[in-house]
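Please read the structure below before turning to the comments.
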Amino acid sequence: MRNLLTLVRKELHQYFISPIVYVVAMVFLAVTDFLFYLQVRGISELSARHMMQMQGEVPQLIVHEAIFIPTFRNMSFVLLLIMPLLTMRLFAEEKKGRTSELLMTSPITITEIVLGKFFAAMLVYLLLLILSMHLPLILSIVTDISWTPIFASYLGLFLMGGVFLSMGLFASALTENQIIAAVIGFGILIGLWVAGVSGGNTGESTLALVASYLSISKQLDSFIKGLISTRGLTYFVSMTLLGLFLCYRVVESERWK
Amino acid sequence: MISVKHLSKHYGPTVAIDDVNFTVEKGEILAFLGPNGAGKTTTMRILTCFMPASSGTATIAGFDIFEDPMAVKRRIGYLPEAPPLYPEMTVTEYLIFVAKIKGLARKAIGPGLAGAIEKCGLGEVSRRLIGNLSKGYRQRVGLAQALIHNPDVLILDEPTVGLDPRQIIEIREMIKALAGEHTIILSTHILPEATAVCKKVVIISRGRIVAVDSQEGLSSRVRKSDKILLRIRRGDAATPAKIKAIAGVLQITPQTSAPDDETAFIVESDIGHDIREHLSKAVVEQGMGLLEMQPLVLSLEEVFLELTTEEKAVDAQPPAQLAMTSKIKQGAL
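The listed protein sequences derive, respectively, from chains A and B.
For the first sequence, position 75 (counting from the first letter as 1) is numbered 1389 according to our numbering, and the numbering increases by one without interruption.
For the second sequence, position 189 (counting from the first letter as 1) is numbered 247 according to our numbering, and the numbering increases by one without interruption.
Structure follows, in structure tokens:
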């Protein structure tokens, strides 16, 4: 436990001393804010016209559906594009700088090394999500919003981040080149993302069902709509564990080469 | 303290090390000497539990490296060939991190840190970023990292590689000062280093140990004859035959690198059979113009070449002779 804490702290230290986190956070917030702004402006124009005709308030659920569902969908896609940048460094740099030799000859386990990196990345990701919460907060000033589906959405995004980061960590363990790690990470994530799309095209075959179950975007959608399903929880947690397990095996196999 | 038995490592069909055996007593410094690619780093990586061996075993401080790697790792300080540093940390931050993952108790971290900083002379740079340090200081931080948890065994892979001569001497002094308290294995392909720092030398070549001995022991072991370097003013085609005729001379080899107005030979005789008197007398009497007579002692360098190239010794020029030729070039003449 103490080792794990030490490793998490070291990773966080390295995160915040490098510019990557700041750049990633800035791009993430700028893009999501802009898309959010477009969404809000579109809806407010629409509802202004609507109100003139109907003489009434826009119901709460419609605010969520009209603004937050598209916003969180956009946000998840932006995350898909930036998350591999958060993980690409984690193992690749240790290998390139030969510091992996220090870690592997110290009395700590590979599990601790992998989890230390994963938890540190999750904390950074959590920070990104917390920063993005200014969007619903700002909107809550001007209109009533329903918080429950928003928390469900954030829970979904958080769990989805686990999959993104564990897969990215796995990609990083495969190579000592950070760019290659990022590209492999993108590959895995985009593959998981579009799995559902391919399922839709091939009809209701077993393969299509499996593919649509594997699709991150489809699983996330139910959370964004405000539905916390065991199916979704199981999916995100098991995919995260799969990524961590693969990562563990790659790091371990490194010793046998 | 360290005992290595029948250790072998294969990378696919390539044999990295083959049946390596040696022991190191407590407080000893052992040099692991060999050309690049001989298997030094592989052996060290196996001993530090970085990679497993294909067969064989080793114990460190009584713990088996396969059965109890955690106990072994706690007792080893390892400086790899490239010091494992995080350039974005300061020296102190880095050393504290290492102390923690080496399992040092919270209370022991402070004294351990102070001790390592003092032993490695890092006081002035302790607050600087490692990325901004010179290579010599980085090497010292690497050394400090290896000894911060006061391990029984220190394993140093080419600790002086890439440093300037002054830094090399400093690091060597540091290592010498650490002996006694720690058992040390260090690898090097620089021969004077082995002599300067270590009593016991293991010579490894193409994955095999070719000799384990003290430096003097090695030298006498390889020597098959006493050699004398002879320089004369007037030599001709008949000279070798004349010298060969002197009692006790086994062999005579002309040295091609001598200046035009001189002739040089290496005259070999049986070990313990001193021919200098006969030789000088004969040379002077025959009016060859004796310039110099010098007994040649094999340096570790020659021993090394002799041992590591033994299989090729049937070639036109034996390796020991090659080394001597270069020695003559370097300034004996």
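Glycine is no exception: its CB is placed at the ideal position from the N, C-alpha and C atoms.
A quick note: this is a predicted structure, and the numbers were derived from the prediction, not measured.
{"Asked": "Can you say whether A305 (chain B) is buried or exposed, counting buried as having 16 or more other CB atoms within 10 angstroms of its CB?", "Found": "exposed"}
{"Asked": "Classify V1259 (chain A) as buried or exposed, calling it buried when 16 or more other Cβ atoms lie within 10 Å of its own Cβ.", "Found": "Within the shown structure, residues of chain A are numbered from 1315 to 1571, placing residue 1259 (chain A) beyond reach of any answer."}
{"Asked": "For a quick check, are the C-beta atoms of L1343 (chain A) and T1385 (chain A) less than 8 Å apart?", "Found": "no"}
{"Asked": "For a minimum of 4 consecutive residues, which ranges assigned as the alpha helix (DSSP H) are wholly contained in the stretch 266-336 of chain B?", "Found": "273-280 and 297-302"}
{"Asked": "Is there contact here, the stretch 1399-1407 of chain A with the stretch 1476-1486 of chain A, by at least three beta-carbon pairs under 8 Å?", "Found": "yes"}
{"Asked": "Using the Cα positions of Q196 (chain B) and D126 (chain B), report the straight-line distance between them to the nearest angstrom.", "Found": "For the record, residue 196 (chain B) in the displayed sequence is Arg; it is not Gln. Roughly 31 Å separates the two Cα atoms."}
{"Asked": "Report buried or exposed for R164 (chain B), applying the criterion of at least 16 other Cβ atoms within 10 angstroms of its Cβ.", "Found": "exposed"}
{"Asked": "Kindly list the residues whose CB is nearer than 6 Å to the CB of K370 (chain B), restricted to its own chain and excluding five residues on each side of it in sequence; keep chain order.", "Found": "With a pLDDT of 42 at K370 (chain B), under the threshold of 50, the predicted position of this residue should be treated as unreliable, though the coordinate-derived value follows. Here the set comprises nothing."}
{"Asked": "Is there a C-beta anywhere in chain A that falls below 8 Å from the one on K131 (chain B)?", "Found": "yes"}
{"Asked": "Tell me which residue opens and which closes the beta strand (DSSP E) that A68 (chain B) is part of.", "Found": "Contrary to the premise, residue 68 (chain B) reads as His rather than Ala in this sequence. Taken as a continuous stretch (DSSP letters only), the beta strand (DSSP E) holding H68 (chain B) covers I60 to Y69."}
{"Asked": "If you count every other CB in all the chains shown that lies within 10 Å of the CB of L1523 (chain A), and 16 or more means buried, which is it?", "Found": "exposed"}
{"Asked": "With a Cβ-Cβ cutoff of 8 Å, do A269 (chain B) and I87 (chain B) count as a contact?", "Found": "no"}
{"Asked": "Roughly how many angstroms lie between the CA atoms of I310 (chain B) and K1410 (chain A), to the nearest whole one?", "Found": "54 Å"}
{"Asked": "For I154 (chain B), tell me which candidate among A:N1317, A:R1563 and A:L1471 has the shortest Cα-Cα distance.", "Found": "A:N1317"}
{"Asked": "Return the residue from the list B:E139, B:K131 and B:H64 that minimises the CA-CA distance to T115 (chain B).", "Found": "B:H64"}
{"Asked": "Regarding T1413 (chain A) and the ligand NAD, is the C-beta to nearest heavy atom distance less than 7 Å?", "Found": "Looking for the ligand NAD in the displayed structure turns up nothing, as the structure carries no ligands at all."}
{"Asked": "Bridge partners for F1348 (chain A) per DSSP, in chain order?", "Found": "According to DSSP, which records beta bridges pairwise, F1348 (chain A) is partnered with nothing at all."}
{"Asked": "Counting pairs of beta carbons, one from the stretch 70-87 of chain B and one from the stretch 129-136 of chain B, are three or more of them closer than 8 Å?", "Found": "no"}
{"Asked": "Using a Cβ-Cβ distance cut-off of 8 Å, determine whether G97 (chain B) contacts chain A.", "Found": "no"}
{"Asked": "By Cβ distance, which residues of its chain are closer than 6 Å to M346 (chain B), with the 5 residues on each side in sequence left out?", "Found": "I290 and R292"}
{"Asked": "When the Cα of N1388 (chain A) is compared with those of A:S1446, A:M1366 and A:G1557, which residue comes out closest?", "Found": "A:S1446"}
{"Asked": "Taking C-beta to C-beta, are F1550 (chain A) and S1480 (chain A) nearer than 8 Å?", "Found": "no"}
{"Asked": "Quick check: the Cα distance between T218 (chain B) and I286 (chain B), rounded to an integer number of angstroms?", "Found": "35 Å"}
{"Asked": "Quick one: grab the DSSP three-state call for L143 (chain B).", "Found": "coil"}
{"Asked": "Do L221 (chain B) and G179 (chain B) have their CB atoms nearer than 8 Å?", "Found": "no"}
{"Asked": "Along chain A, which residues have their Cβ under 7 Å away from the Cβ of C107 (chain B)?", "Found": "T1419"}
{"Asked": "Counting only beta-carbon atoms, is Y195 (chain B) nearer than 8 Å to chain A?", "Found": "no"}
{"Asked": "Which of the three DSSP states is assigned to L351 (chain B) in this structure?", "Found": "Looking at the sequence shown, residue 351 (chain B) is not Leu but Met. Of the three classes helix, strand and coil, the one that applies to M351 (chain B) here is strand, per DSSP."}
{"Asked": "Where does K160 (chain B) sit, in a helix, a strand or coil, going by DSSP?", "Found": "coil"}
{"Asked": "Within the same chain, show all residues whose beta-carbon is closer than 8 Å to that of K258 (chain B), passing over the 5 residues directly before and after it, in chain order.", "Found": "V82, E86, I87, L88, A89, V270, D271 and S272"}
{"Asked": "In the DSSP assignment, find the unbroken beta strand (DSSP E) run with S245 (chain B) in it and report its ends.", "Found": "T241 to T246"}
{"Asked": "Does any residue of chain B bring its CB to less than 8 Å from the CB of R1569 (chain A)?", "Found": "yes"}
{"Asked": "Which residues, in chain order, does the stretch 143-159 of chain B contribute to contact with chain A at a C-beta distance below 8 Å?", "Found": "L143, Y144, P145, E146, M147, E151, F155, V156, K158 and I159"}
{"Asked": "Can you grab the Cα-Cα spacing for the pair L1471 (chain A) / I1357 (chain A), in whole Å?", "Found": "24 Å"}
{"Asked": "In terms of residue numbering, what span does the alpha helix (DSSP H) encompassing T99 (chain B) cover?", "Found": "K98 to L105"}
{"Asked": "In whole angstroms, what is the alpha-carbon distance linking I1282 (chain A) and A1466 (chain A)?", "Found": "No answer is possible for residue 1282 (chain A): the residues shown for chain A start at 1315 and end at 1571."}
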